[in-house]
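Beneath this line is the structure, given in structure tokens, with notes to follow.
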Amino acid sequence: KAGVTQTPRYLIKTRGQQVTLSCSPISGHRSVSWYQQTPGQGLQFLFEYFSETQRNKGNFPGRFSGRQFSNSRSEMNVSTLELGDSALYLCASSLDRIDEQFFGPGTRLTVL
Amino acid sequence: AQSVAQPEDQVNVAEGNPLTVKCTYSVSGNPYLFWYVQYPNRGLQFLLKYITGDNLVKGSYGFEAEFNKSQTSFHLKKPSALVSDSALYFCAVRDKGSGTYKYIFGTGTRLKVLA
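Residue numbers (the working numbering), protein chains in the order written: chain A, 1 to 112; chain B, 1001 to 1115.
Written as structure tokens, this is what we have:
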């Protein structure tokens, strides 16, 4: 089975712009979660989607949003980018909500 | 409030010696507990999990972890460390008691195995 894929792998944006990141989970996995990883803050949970519904949300501003499609693929969007949004964004999928997560390689976002 | 604590930012151990990476948790109900590892320039990989049953859980690469309900701990262990075990280790808990099944990660512990 193919692993979790994330596109693009690298992004450079400027402040004020918006960005959309994509995640394709492992086939058959219904739960997709997003995380932000930075050297100073570690791994911060953004949100979780299960069967197209947002089930959990972390403590991030409304500029961060996401969605899940019927084929379980997920996107996250960040509007009005700030310098502090520079991070590695990880997507993880799991078969069900109690199972272990499988992580993608991440999208490294740099905001200038 | 739900939380996971990894009290050590870094653990150094000599190759061949046993290693322990500590994790404690706080949840409202019964936890699902996980350990993940992140090697340099690579994504996170699942190591092992505790859902129910035997308190000693065995996982990948010779790692094991012991669930201790009274101490609310889930420490990661390996009898004999390898230099290749050097990586960043994350403990995570999924709280089923709250009904949200929210996934909470610890801050990570950097393991350095010295040759």
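From the three backbone atoms N, C-alpha and C, an ideal C-beta is built for every residue, glycine too.
Looking at the secondary structure, which residues open and close the beta strand (DSSP E) in which residue i lies?
i, result
"residue 94/A", "87-94"
"residue 81/A", "First-last for residue 81/A: undefined, no H or E at that position."
"residue 26/A", "It is not in any beta strand (DSSP E) - residue 26/A carries neither H nor E in the DSSP assignment."
"residue 101/A", "Residue 101/A -> no beta strand (DSSP E), and no H or E assigned at all."
"residue 41/A", "Run containing residue 41/A: none; DSSP gives neither H nor E here."
"residue 12/A", "10-13"
"residue 1088/B", "1087-1095"
Compute the Euclidean distance between the alpha carbons of residue i and residue j, then round it to the nearest angstrom.
i, j, result
"residue 1113/B", "residue 1041/B", "18 Å"
"residue 1048/B", "residue 1095/B", "17 Å"
"residue 1101/B", "residue 51/A", "15 Å"
"residue 28/A", "residue 99/A", "13 Å"
"residue 1085/B", "residue 1012/B", "11 Å"
"residue 960/B", "residue 1057/B", "Missing from the structure shown is residue 960/B; chain B here goes from 1001 to 1115 and no further."
"residue 24/A", "residue 35/A", "15 Å"
"residue 1069/B", "residue 1004/B", "14 Å"
"residue 78/A", "residue 21/A", "9 Å"
"residue 1083/B", "residue 1115/B", "6 Å"
"residue 1103/B", "residue 16/A", "30 Å"
"residue 1062/B", "residue 4/A", "25 Å"
Which chain A residues are close to residue i, counting only those with a beta carbon under 9 Å from its beta carbon?
i, result
"residue 1108/B", "42, 43"
"residue 1067/B", "Going along chain A, no residue has its Cβ under 9 Å from residue 1067/B, so there is no contact; the nearest lies around 15 Å."
Report the neighbours of residue i on chain B: residues whose CB is nearer than 9 Å to its CB, in chain order.
i, result
"residue 90/A", "1043, 1044"
"residue 9/A", "Within 9 Å Cβ-Cβ: nothing; residue 9/A doesn't reach chain B, min ~11 Å."
Could you work out which residues of chain B lie near residue i, taking near to mean beta carbons separated by less than 8 Å?
i, result
"residue 64/A", "What residue 64/A touches in chain B: nothing, since even the nearest Cβ is about 16 Å away."
Determine the chain B residues that contact residue i at a beta-carbon separation under 7 Å, and present them in chain order.
i, result
"residue 104/A", "1043"
"residue 26/A", "Result: empty, since nearest Cβ-Cβ is about 12 Å, beyond 7 Å."
So which residues on chain A does residue i lean against when the C-beta distance must stay under 8 Å?
i, result
"residue 1103/B", "33, 45, 48, 56, 101"
Counting only beta-carbon atoms, is residue i nearer than 8 Å to chain C?
i, result
"residue 12/A", "In the structure shown, chain C does not exist; the protein chains are A and B."
Residue i versus chain A: which residues are under 7 Å apart at the beta carbon?
i, result
"residue 1049/B", "100"
Taking 7 Å as the line, does the beta carbon of residue i fall inside it for any heavy atom of the ligand FMN?
i, result
"residue 1073/B", "Among the components of this structure there are no ligands whatsoever, and the ligand FMN is therefore not found."
Next on the checklist: With three or more beta-carbon pairs closer than 8 Å as the criterion, would you say the region 84-93 of chain A touches the region 1068-1078 of chain B?
Outcome noted: Touching, no, given that fewer than three Cβ pairs across the two stretches are closer than 8 Å.
Checklist entry - Taking only runs of the beta strand (DSSP E) that begin and end inside the region 1003-1040 of chain B, which ones reach a length of at least 3 residues, in chain order? => result Within the region 1003-1040 of chain B, the complete beta strand (DSSP E) runs of at least 3 residues are 1003-1005, 1010-1014, 1019-1021, 1024-1026, 1031-1038.
Next on the checklist: Three Cβ pairs or more, each shorter than 8 Å: is that satisfied between the region 1014-1021 of chain B and the region 63-70 of chain A?
Outcome noted: no
Item to check | At least three beta-carbon pairs within less than 8 Å, the region 55-64 of chain A to the region 39-47 of chain A | outcome: As far as the Cβ criterion goes, the region 55-64 of chain A touches the region 39-47 of chain A, which means the pair count is three or higher.
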